[in-house]
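Enquirer: In our numbering, the protein residues as written are 42 to 330. For every residue, glycine included, the Cβ atom is placed at its ideal position computed from N, Cα and C. In this text, all values refer to a predicted model and were calculated from it rather than measured experimentally.
So, in structure tokens, the structure goes:
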């Protein structure tokens, strides 16, 4: 019953944003951001604490400004996701500009698996959907199943509108290993808080728990790592590009190589977060331990 009621509310909001249309839904997102930032400050203290740790030299005013931008970005992402099922292919294509598809095609043509890494940044769902469409290649996307199975089915239908295949988190490592050995493309986000015994990297100047998975898979399968982050522009659409994470000159034990490669892809993420701090998802306890 709970799942059904939640799903009905989910569909009702989706229908509401369909009636509004994408542009008006995005305008409505600003009111949502103000409501959740000022009236019902969900996870606001977590956001502020994370920002203070990451940017200790910023003033309280600057921290607050970035924090509100985080809520606005999340509100925009939410209304866009709920509107996607009603958008035409032309509308979807106009939302994401890929600067360098040739890099993907060059690396994919080498006959190796490709790992497309991303992060919980701006609208990562649109990034995952449209990248595979724009390069006309299926991506095997690792996704965490939602608690509500009805919402999960709705989300996966949206995610697979074009070329993507969903690989549920939990059974993913073995499946992704096989996918990469078969010279296919695996896509996953790489910025979640890792286990307490996972590789420790420096991220935004902080000792950070990370996951070994992306680096270990790349080393074991000889896959190429391409990072791609969709960055929201002034028109509220997205720009992205593929950036190869260098795998050369790794030394030491396998664990040493995993740590170094993990640090390298975190270095790239850090450069983007510093440039567009309000677009990263600061709402989870990234530095819990």
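Assuming contact is defined by CB atoms lying nearer than 7 Å, are residue 313 and residue 270 in contact in what I supplied?
Expert: Yes; because the gap between Cβ atoms is below 7 Å, this pair is in contact.
Enquirer: Counting beta carbon pairs with one atom in the region 304-324 and one in the region 105-116, are three or more of them shorter than 8 Å?
Expert: Cβ pair count under 8 Å is three or more, so yes.
Enquirer: Distance, Cα to Cα, residue 145 vs residue 283?
Expert: In a straight line, the C-alpha of residue 145 is about 7 Å away from that of residue 283.
Enquirer: Pair every Cβ in the region 180-197 with every Cβ in the region 300-309, then say whether three or more of these pairs are closer than 8 Å.
Expert: Not touching, per the Cβ criterion.
Enquirer: Can you name the start and end residues of the alpha helix (DSSP H) that residue 163 belongs to?
Expert: No alpha helix (DSSP H) contains residue 163, which DSSP labels as neither H nor E.
Enquirer: Just the Cα atoms here: how many angstroms apart are residue 173 and residue 62?
Expert: Cα to Cα, the separation comes out at about 25 Å.
Enquirer: Report, in whole angstroms, the separation of the C-beta atoms of residue 249 and residue 328, which I expect to be a contact under 8 Å.
Expert: About 7 Å; that satisfies the 8 Å criterion.
Enquirer: Just tell me which of 178, 211, 286, 277 has its CA closest to the CA of residue 320.
Expert: Nearest of 178, 211, 286, 277 to residue 320, Cα basis: 277.
Enquirer: With a cut-off of 8 Å, do at least 3 Cβ pairs link the region 83-93 to the region 102-109?
Expert: In short, these stretches touch, since the Cβ pair count reaches three.
Enquirer: Beta strand (DSSP E) containing residue 265: first to last residue?
Expert: Residue 265 -> beta strand (DSSP E) spans 265-269.
Enquirer: Please list, in chain order, all residues of the same chain as residue 206 whose beta carbon is under 8 Å from its beta carbon, the five residues on each side excluded.
Expert: The answer, listed in chain order, is 179, 180, 181, 182.
Enquirer: In terms of DSSP beta bridges, what is residue 156 paired with?
Expert: 227, 266.
Enquirer: Anyone know if the C-beta pair for residue 15 and residue 287 falls short of 7 Å?
Expert: Since the first and last residues shown for the chain are 42 and 330, residue 15 lies out of range.
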